[in-house]
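Okay, structure first, notes after.
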Amino acid sequence: MALLDDILVHNAYFVAERQRPITRAPAKKIVLFTCMDTRLVEFLEPAMGLRRGDAKIIKNAGTTVIDPYGGVIRSLVVAVYGLGCEEIYVVGHLDCGMGQLDDRKLERSMLERGVRHETIAKLAPSLGEWLGTFRDAHGNVKRVVNLLRDNPLIPRDVPVHGLMFDPVSGGLELLERGYAS
Ligand SMILES: [Zn+2]
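Residue numbers (our numbering): 1448 to 1628.
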């Protein structure tokens, strides 16, 4: 098939996608929590079979939860109680930048750019912990899954799954199956 035909076939699919009813509530009733890594954009979603309108997606640096009442939990609370999400997927990935981040170097850079020592000192308990850096990406996903399962704001009947994504091959490894056995 010539390139022009490829484009026309793709466009027919694209237009058909537009005709799916899109509402604010996610069609698959799931919320995905993952990393802001650029390699995951338009790659993790198709790897999981998720299309526009299917899922709520929360992203941050490293798929980490530091504050049990912070921004990630706030978004999960809205997704679950406000938008009907019935499952939570925590998806970390291999070669995550937060696993290699040098927080001392980052601190030096902050100071050079005018951030005050006292301001950094207020980030409890330490800059590294506040940033959510980790050495073990798998361990981080398991830690976050357990934190969500134990969080008093998340209902016990919502399965929390943990997965590890390969940003090169697109493969998913199951780490924690959230369904009650
Ligand atoms: Zn990452």
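The beta carbon of each residue, even a glycine, is placed where N, CA and C say it ideally should be.
Remark: the C-beta of Met1611 is outside contact range of ligand 1, defined as less than 8 Å to any heavy atom. Three or more beta-carbon pairs separated by less than 8 Å link the segment 1584-1599 to the segment 1511-1527, which places the two stretches in contact.
The segment 1469-1486 makes no contact with the segment 1569-1580, as fewer than three CB pairs between them are under 8 Å. Met1495 is classed as buried because its beta carbon has at least 16 other beta carbons within 10 Å across all chains shown. Excluding the 5 residues flanking it on each side, Leu1548 has same chain C-beta neighbours closer than 6 Å at Thr1580, in chain order.
In this chain, the beta strand (DSSP E) harbouring Thr1481 covers Ile1477 to Cys1482. Exposed is the label assigned to Gly1586, since fewer than 16 other Cβ atoms lie within 10 Å of its Cβ. DSSP, read as helix, strand or coil, puts Ile1567 in helix. Between Val1524 and Ile1601, the C-beta spacing is below 9 Å. Taken in chain order, the unbroken stretches of alpha helix (DSSP H) that lie wholly in the segment 1579-1619 and span 4 residues or more are 1584-1597. Checking the 8 Å criterion, the Cβ of Ala1571 is out of range of every heavy atom belonging to ligand 1. For ligand 1, residues qualifying as neighbours are Cys1482, Asp1484, Gly1509, His1540, Cys1543, Gly1544 and Met1545, where qualification means a beta carbon closer than 6 Å to at least one of its heavy atoms (chain order). With contacts defined by Cβ atoms closer than 9 Å, Glu1554 and Val1588 do not form a contacting pair.
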